[in-house]
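**Q**
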Amino acid sequence: MTENRTILLWGIPEDAPTAAMQDALRRANSDFIFLNQHAVLRTTVELIVGSSVEGQLRIGDQDFGLAQIKSAYLRPYEPAAFPQIARAGPHSRVWRHAHTVYQALHSWSEITDALVVNRPDAAAVNNSKPYQAALIEALGFRTPRTLITTDPALALDFWRQHEVVIYKSISAVRSIVSRLSDKHHCRLADIANCPTQFQQYISGTEYRVHVVGDEVFACAITTNADDYRYSDKPVQMQACELPPEVAATCRRLAQSMNLHVAGIDLRRTSQGDWYCFEVNPSPGFTYFENQTGLAIADSIARFLMRGTGENRQRYPTRRDSDESLYQAAAVS
Amino acid sequence: MIVIIANRRNQVAHALAQQWAAWDAAVLSAQDLSVAGWSLTDGATDAAVVAQQRVDERDISAVLTLAPCIFEHELGHITLEDRSYVAAEMTAVLTFWLARLRCPVLNRPTAARLSGPAWSPEKWVRVAYEAGVPVESICRTAVPADSKVEQKMSSTVTLTVVGNRVLGSDDSRLQQRARRLAQAAAVELLAVTFATVDSEPHFVSADVFPNLSDETVAGAVLEYLRGQQAA
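Taken in sequence, the protein lines are chains A and R. Each residue of the first sequence is one higher than the one before, counting from 1 in my numbering. Each residue of the second sequence is one higher than the one before, counting from 1001 in my numbering.
Okay, here's the thing in structure tokens:
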């Protein structure tokens, strides 16, 4: 049997978390392979799956056995996001090759014995935020009262009931969280075209928590913005310790979703209640690391260097994990 | 009411809705998510829109999902630049709605797909192998000149699992293997294809969208949706 011994990073060099992981692994003198998606036309993959998972990855003139990989950190972009692939079009060899490489590695990352941060199946939990919110509630955090509707009258009722209401995307597509204001009155009719998610606004102190295996990195965020990620209002961040029970719930949340690395958005109200808004399966942790000095990349690097063995649950199916939690949430 | 989630041009879905008219079957398509009437909230009864009509969740007795997601190309009524976003949003809403329905749903959604898991052919092979089913290896090759997926196949047979029934073959060994795979995948509706290799049936592929133009399969699905399967 081939000894597992190296780490695979898959993504693009200009992606800040991917770049940070390369730096962290170099600092740790760890061997790693960087599969740069820009070089997809010089990349070949052969994946053979039956009673075992085998195959070969070639980048330029370098060959690697897939069985050599003990862990992987994935931040790939869809092939069509690259101009050279998009320009070539869906009927071209270039397009077909880029997609086959993507699908082969995607498949490999679902079934390999290597530790994968994070497996695509697990990362999909964020595809529906209300679906994820049900899992979050089942594990002990509060979530804001929510209405998803295509009915402007119901949205207006919900707004009146909660006074301060935000709206945000339902899917994993990034959107700016915004507060409903008078200017939205005339646009409410538009929600008949597409279901829209409204939430009771929860005031309090924002926290961003990164879970890496068993380690928890938290920072408190002071801001007046509805969505500090896109605000030009001042944002202050400070590394902090969470109450042990909150940190434990964060760990449990990530583990129950089979996420080795997760970014969790929390808010603590003045009454001391902890609300959770989202668990991000592919967090852009560098934004927080750069402002707080939290050594998140180094922690992920250590985790990847430990490799296989942490990744016990190889087939996280819905019935095994999220579905049972989901049912618990739906019943409660 | 039996709700069939499908593309509005899905002929099989519309044929089933007609055949099942006695059980008030109707097709829910992407267009229904662009009609005022949807309401999903905490603690209250959900409301959906089916065939352009608002429907109370309590009036829905079962759901059959024949679409993996809402596709952009189904959204001709949405501005071109918004279609990708709207398709993702509509899929996310249906995922949430289907997951919390208490009536029979074939198949229950996962976070990755409206009906069952969104597994690659390679993952199906691995899950079958882990479930103790002999498998036919699959090879995916990505080289610039020739990217392809290959799997040796001799004569094949496809069985369809519908709840506790297995259709398509009387061979108990095949039935048992198909059932085992459906259990491993946590689905109630699954087509499983086997090839015979050295007189041994090997798993080749699986599909959570079986051929429902087959009357026997459609009949078994209706039986399941109406809660009439024997335990």
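Glycine included, each C-beta is placed from N, C-alpha and C at the ideal position. Note that the structure is predicted; figures quoted are calculated from it, not measured.
Just to confirm my understanding: we take TRP10 (chain A), look at its own chain, exclude 5 residues before and 5 after, and list those with CB closer than 6 Å. What are they?
**A** Here residue 10 (chain A) refers to the residue found at position 10 when the first sequence is read from its first residue. Contacts found: LEU35, LEU74 and PRO76.
**Q** Kindly provide the ranges of any beta strand (DSSP E) runs that are 3 or more residues long and lie completely inside the segment 135-193 of chain A, ordered along the chain.
**A** Segments of the beta strand (DSSP E) lying fully in the segment 135-193 of chain A: 146-149 and 165-168.
**Q** Tell me whether ASP1170 (chain R) sits in a helix, a strand or coil according to DSSP, three-state version.
**A** As a working mapping, residue 1170 (chain R) is identified with position 170 in the second sequence. In this structure, ASP1170 (chain R) counts as coil in the three-state DSSP scheme.
**Q** Which residue marks the beginning of the alpha helix (DSSP H) containing ASP1046 (chain R), and which one marks its end?
**A** As a first step, residue 1046 (chain R) is located in the second sequence; it is residue number 46 there, counting from the start. Counting along the chain, ASP1046 (chain R) falls outside any alpha helix (DSSP H), and DSSP gives it neither H nor E.
**Q** Does GLN37 (chain A) get closer than 8 Å to chain R when you measure Cβ to Cβ?
**A** As a first step, residue 37 (chain A) is located in the first sequence; it is residue number 37 there, counting from the start. It does not: the Cβ of GLN37 (chain A) has no partner Cβ on chain R nearer than 8 Å.
**Q** With a threshold of 16 other CB atoms inside 10 Å of the CB of PRO316 (chain A), please say whether the residue is buried or exposed.
**A** Your numbering for residue 316 (chain A) matches position 316 in the first sequence. Caution is warranted here: a pLDDT of 37 is assigned to PRO316 (chain A), below 50, making its placement in the model unreliable, and no coordinate value can be reported.
**Q** Tell me which same chain residues have a C-beta within less than 8 Å of the C-beta of ARG142 (chain A), skipping the five on either side of it?
**A** Here the question's residue 142 (chain A) lines up with position 142 in the first sequence. Answer for ARG142 (chain A): ASP273, TRP274, TYR275 and CYS276, listed in chain order.
**Q** Is THR1095 (chain R) near ILE1070 (chain R), with beta carbons less than 8 Å apart?
**A** The residue labelled residue 1095 (chain R) in the question sits at position 95 within the second sequence. The residue labelled residue 1070 (chain R) in the question sits at position 70 within the second sequence. Cβ atoms of THR1095 (chain R) and ILE1070 (chain R): not closer than 8 Å.
**Q** Roughly how many angstroms lie between the CA atoms of PRO1121 (chain R) and ARG160 (chain A), to the nearest whole one?
**A** Numbered from its first residue, the second sequence carries residue 1121 (chain R) at position 121. Numbered from its first residue, the first sequence carries residue 160 (chain A) at position 160. Going from the Cα of PRO1121 (chain R) to the Cα of ARG160 (chain A) covers about 50 Å.
**Q** Going along the chain, which residues of its own chain have a beta-carbon closer than 6 Å to the beta-carbon of VAL1003 (chain R), five neighbours each way excluded?
**A** Here residue 1003 (chain R) refers to the residue found at position 3 when the second sequence is read from its first residue. LEU1028, VAL1050, ILE1060 and VAL1063.
**Q** Whose C-beta lies closer than 6 Å to the C-beta of ILE296 (chain A) among residues of the same chain, with five residues either side of it excluded?
**A** Taking the first residue of the first sequence as position 1, residue 296 (chain A) is located at position 296. HIS210, PHE217, PHE285 and GLU289.
**Q** Measuring CB to CB, does THR196 (chain A) end up less than 8 Å from THR149 (chain A)?
**A** Counting from one through the first sequence, the residue named residue 196 (chain A) turns up at place 196. Counting from one through the first sequence, the residue named residue 149 (chain A) turns up at place 149. Contact: yes.
**Q** In three-state terms, what does DSSP make of THR100 (chain A)?
**A** One-based indexing of the first sequence puts residue 100 (chain A) at position 100. DSSP places THR100 (chain A) in helix when its eight states are reduced to three.
**Q** Taking only beta-carbon positions, decide if PRO1104 (chain R) is within less than 8 Å of chain A.
**A** As a position in the second sequence, residue 1104 (chain R) is number 104, starting the count at 1. PRO1104 (chain R) does not count as touching chain A.
**Q** Anything in the segment 73-105 of chain A with a Cβ closer than 9 Å to a Cβ of chain R? List those residues in chain order, please.
**A** Residues ARG93, VAL94, ARG96, HIS97, ALA98, HIS99, THR100, VAL101, TYR102, GLN103, ALA104 and LEU105.
**Q** List the endpoints of the continuous alpha helix (DSSP H) containing GLY65 (chain A).
**A** Taking the first sequence and counting its residues from 1, one reaches residue 65 (chain A) at position 65. Where GLY65 (chain A) is concerned, there is no enclosing alpha helix (DSSP H), although the beta strand (DSSP E) it sits in stretches over 62-65.
**Q** Look up LEU9 (chain A) in the DSSP assignment and say whether it is helix, strand or coil.
**A** The residue given as residue 9 (chain A) occupies position 9 in the first sequence. Correct three-state label for LEU9 (chain A): strand.
**Q** Taking only three categories from DSSP, how would you classify ASP1082 (chain R)?
**A** Locating residue 1082 (chain R) in the second sequence gives position 82, where the first residue counts as 1. Here ASP1082 (chain R) sits in helix by DSSP.
**Q** Rounded to whole angstroms, how far is the Cβ of LEU253 (chain A) from the Cβ of VAL279 (chain A), which I believe are closer than 8 Å?
**A** Walking along the first sequence from the start, residue 253 (chain A) turns up at place 253. Walking along the first sequence from the start, residue 279 (chain A) turns up at place 279. Right, their Cβ atoms sit about 6 Å apart.
**Q** By Cβ distance below 6 Å, which residues in the same chain neighbour VAL1055 (chain R) in space, the five residues on each side in sequence not counted?
**A** Locating residue 1055 (chain R) in the second sequence gives position 55, counting from the first residue. Excluding positions up to five away in sequence, the list reads ALA1048.
**Q** So what's THR1156 (chain R) in DSSP terms, helix, strand or just coil?
**A** What you label residue 1156 (chain R) is simply residue 156 of the second sequence in a count that begins at 1. THR1156 (chain R): strand per DSSP, three-state reduction.
**Q** In the DSSP output, what is MET237 (chain A) paired with across the bridge?
**A** Here the question's residue 237 (chain A) lines up with position 237 in the first sequence. DSSP, once it has assigned bridges, lists A:ILE221 as partnering MET237 (chain A).
**Q** Check whether the Cβ atoms of VAL1217 (chain R) and VAL1162 (chain R) sit closer than 8 Å, and answer yes or no.
**A** Within the second sequence, residue 1217 (chain R) is the residue found at index 217, counting from 1. Within the second sequence, residue 1162 (chain R) is the residue found at index 162, counting from 1. Cβ distance < 8 Å, so VAL1217 (chain R) and VAL1162 (chain R) count as in contact.
**Q** If we call anything under 8 Å between Cβ atoms a contact, is VAL1127 (chain R) one with SER1154 (chain R)?
**A** As a working note, residue 1127 (chain R) is residue 127 in the second sequence. As a working note, residue 1154 (chain R) is residue 154 in the second sequence. Contact flag unset, no.
**Q** Do TYR207 (chain A) and ARG267 (chain A) have their C-beta atoms within less than 8 Å of each other?
**A** Mapped onto the first sequence, residue 207 (chain A) falls at position 207. Mapped onto the first sequence, residue 267 (chain A) falls at position 267. Yes. Within cutoff.
**Q** Based on Cα-Cα distance, which residue from A:GLU110, A:ILE170 and A:PRO283 lies nearest to THR18 (chain A)?
**A** Counted from its first residue, the first sequence places residue 18 (chain A) at position 18. It is A:PRO283 whose Cα lies nearest to the Cα of THR18 (chain A).
**Q** If SER30 (chain A) sits next to MET305 (chain A), beta carbons under 8 Å apart, how far is it from one beta carbon to the other, in whole angstroms?
**A** By 1-based counting over the first sequence, the position of residue 30 (chain A) is 30. By 1-based counting over the first sequence, the position of residue 305 (chain A) is 305. Confirmed, about 5 Å.
**Q** According to a CB-to-CB cut-off of less than 7 Å, which residues of the segment 185-198 of chain A neighbour chain R?
**A** The residues in question are ALA192, ASN193, CYS194 and PRO195.
**Q** Starting from GLU245 (chain A), trace the alpha helix (DSSP H) in both directions and tell me its first and last residue.
**A** Translated into positions along the first sequence, residue 245 (chain A) becomes position 245. From DSSP, the alpha helix (DSSP H) with GLU245 (chain A) extends over 244-256.
**Q** Tell me, please, whether the CB atom of ILE1005 (chain R) is closer than 8 Å to any CB atom in chain A?
**A** Here residue 1005 (chain R) corresponds to residue number 5 of the second sequence, with the count starting at 1. So, not an interface residue.
**Q** Is it true that the CB of LEU41 (chain A) sits closer than 8 Å to the CB of TRP108 (chain A)?
**A** Residue numbering aside, residue 108 (chain A) sits at position 108 when the first sequence is read from its first letter. Residue numbering aside, residue 41 (chain A) sits at position 41 when the first sequence is read from its first letter. No; because the gap between Cβ atoms is not below 8 Å, this pair is not in contact.
**Q** At a CB-CB cut-off below 8 Å, which residues of chain R make contact with GLY60 (chain A)?
**A** The count along the first sequence starts at 1 and reaches residue 60 (chain A) at position 60. Result: empty, since nearest Cβ-Cβ is about 13 Å, beyond 8 Å.
**Q** Does the CB of VAL53 (chain A) have a neighbour CB from chain R at under 8 Å?
**A** Indexing the first sequence from 1 puts residue 53 (chain A) at position 53. Taking Cβ atoms only, chain R reaches closer than 8 Å to VAL53 (chain A), which makes this a yes.
**Q** Just how far apart, CA to CA, sit VAL1133 (chain R) and PHE1203 (chain R)?
**A** Working through the second sequence from its first residue, we reach residue 1133 (chain R) at position 133. Working through the second sequence from its first residue, we reach residue 1203 (chain R) at position 203. Their backbone Cα atoms lie some 7 Å apart in a straight line.
**Q** Check distances from the C-beta atoms of the segment 1065-1080 of chain R to those of chain A and list, in chain order, the residues that come in under 7 Å.
**A** The segment 1065-1080 of chain R vs chain A, Cβ under 7 Å: ILE1078.
**Q** So, with DSSP's three-state summary, where would you put ILE296 (chain A)?
**A** Residue numbering aside, residue 296 (chain A) sits at position 296 when the first sequence is read from its first letter. In this structure, ILE296 (chain A) counts as helix in the three-state DSSP scheme.
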